[in-house]
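Residue numbers (this note's numbering), protein chains in the order written: chain E, 81 to 185; chain G, 81 to 185. To start, the structure itself, in structure tokens.
Number of protein chains: 2
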Amino acid sequence: MDQANAIEAFSALAHPSRLDAFRLLVRAGPKGLPAMEISRQLGAKPSTLSGHLSILKRAGVLTATRHQREIHYAANLANINELVQFLIADCCSGQLDDCKITLCP
Amino acid sequence: MDQANAIEAFSALAHPSRLDAFRLLVRAGPKGLPAMEISRQLGAKPSTLSGHLSILKRAGVLTATRHQREIHYAANLANINELVQFLIADCCSGQLDDCKITLCP
DNA sequence: TCCATATTTCGTTAATACCCGAAATAACGA
DNA sequence: TCGTTATTTCGGGTATTAACGAAATATGGA
Numbered sequence: 081m082d083q084a085n086a087i088e089a090f091s092a093l094a095h096p097s098r099l100d101a102f103r104l105l106v107r108a109g110p111k112g113l114p115a116m117e118i119s120r121q122l123g124a125k126p127s128t129l130s131g132h133l134s135i136l137k138r139a140g141v142l143t144a145t146r147h148q149r150e151i152h153y154a155a156n157l158a159n160i161n162e163l164v165q166f167l168i169a170d171c172c173s174g175q176l177d178d179c180k181i182t183l184c185p
Numbered sequence: 081m082d083q084a085n086a087i088e089a090f091s092a093l094a095h096p097s098r099l100d101a102f103r104l105l106v107r108a109g110p111k112g113l114p115a116m117e118i119s120r121q122l123g124a125k126p127s128t129l130s131g132h133l134s135i136l137k138r139a140g141v142l143t144a145t146r147h148q149r150e151i152h153y154a155a156n157l158a159n160i161n162e163l164v165q166f167l168i169a170d171c172c173s174g175q176l177d178d179c180k181i182t183l184c185p
């Protein structure tokens, strides 16, 4: 994870439809959901959503796997972990324990 | 933390100078750094940086406290924690433990 | 092969974000 | 008070990004 990659990920998430899509896929779990299903649940036009999914995938926060006719998108939590680690790298220069953050308690 | 707040935070971080500034302040710890010092360390024009710091502060990822003539900016890690919790809320709908993310190990 | 479904690419238009220098505001010390 | 340093606000020209419908591509079944 480098600066360019982090910026791409943050940019990708900084959009209402894309953030909704990502959080929907977080809830959906590792199997993910096909594009049409995401489109339907979010009420987004397929062509518009396609662009959004493409942006999220290029940013590395989603994975895409084909299942017969459908392409299933899923949240890439490993990359989210790396992104957050990058964001708070060398927290407090190691001087303090002020930076405790716990996820999925 | 709601969707609008999360988008504002992601947008704020999705910029090279702002991401650099935030990570610099993460390293600087809770005391933070004055604006001019950030400007010097990042090689950014004061007026441009001022706008960036304002955006980061409005997004809630930085705090600002005046110390005599200087305004010290510091990373707001509590809000970053909330942001990440929001991002991965209801992970896998509670069905799996696939979503473990640990920060500041 | 040929059709229907799933998804993406393309072209256009509208909105938003960026950078900078100059001027304005704030706070201290002589 | 006056000058100096610290920081922010303003104006404007340029560039990036968004949305949509229509058309194109891909896959599987009859």
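Built from N, CA and C at the ideal position, the CB exists for glycine as well.
When the distance is taken between beta carbons, is L122(G) closer than 8 Å to L104(G)?
-> yes
Using a Cβ cut-off of 7 Å, pull out every chain G residue sitting near A86(E), in sequence order please.
-> L99
Quick one: grab the DSSP three-state call for A154(G).
-> strand
Contact set between D170(E) and chain G, taken where Cβ atoms lie within less than 9 Å | R103, V106, R107
Assigned exposure category for G140(E) - 16 Cβ within 10 Å defines buried | buried
Helix, strand or coil for R103(E) per DSSP?
-> helix
List the residues of chain G that H95(E) touches, going by C-beta distances under 9 Å, in chain order.
-> I87, F90, S91
Could you give the residue range of the alpha helix (DSSP H) that holds H132(G)?
-> 126-138
Nearest-angstrom beta carbon gap, R107(E) and D170(G) [assumed within contact, 8 Å] | 5 Å
Counting contacts by CB-CB distance shorter than 8 Å, is L167(G) in contact with chain E?
-> yes
At a Cβ threshold of 8 Å, is S134(E) touching chain G?
-> Not one chain G Cβ lies under 8 Å of S134(E).
Is the beta carbon of L167(E) less than 8 Å from the beta carbon of I87(G)?
-> no
Are the C-beta of L157(E) and some C-beta of chain G separated by less than 8 Å?
-> yes
Tell me whether the beta-carbon of I151(E) lies closer than 8 Å to the beta-carbon of R98(E).
-> no
Roughly how many angstroms separate the alpha carbons of F102(G) and S91(E), rounded to a whole number?
-> 16 Å
What span of residues does the beta strand (DSSP E) with A144(G) cover, start to end?
-> 142-147
Find out if the Cβ-Cβ distance for the pair A94(G), A94(E) is shorter than 8 Å.
-> yes
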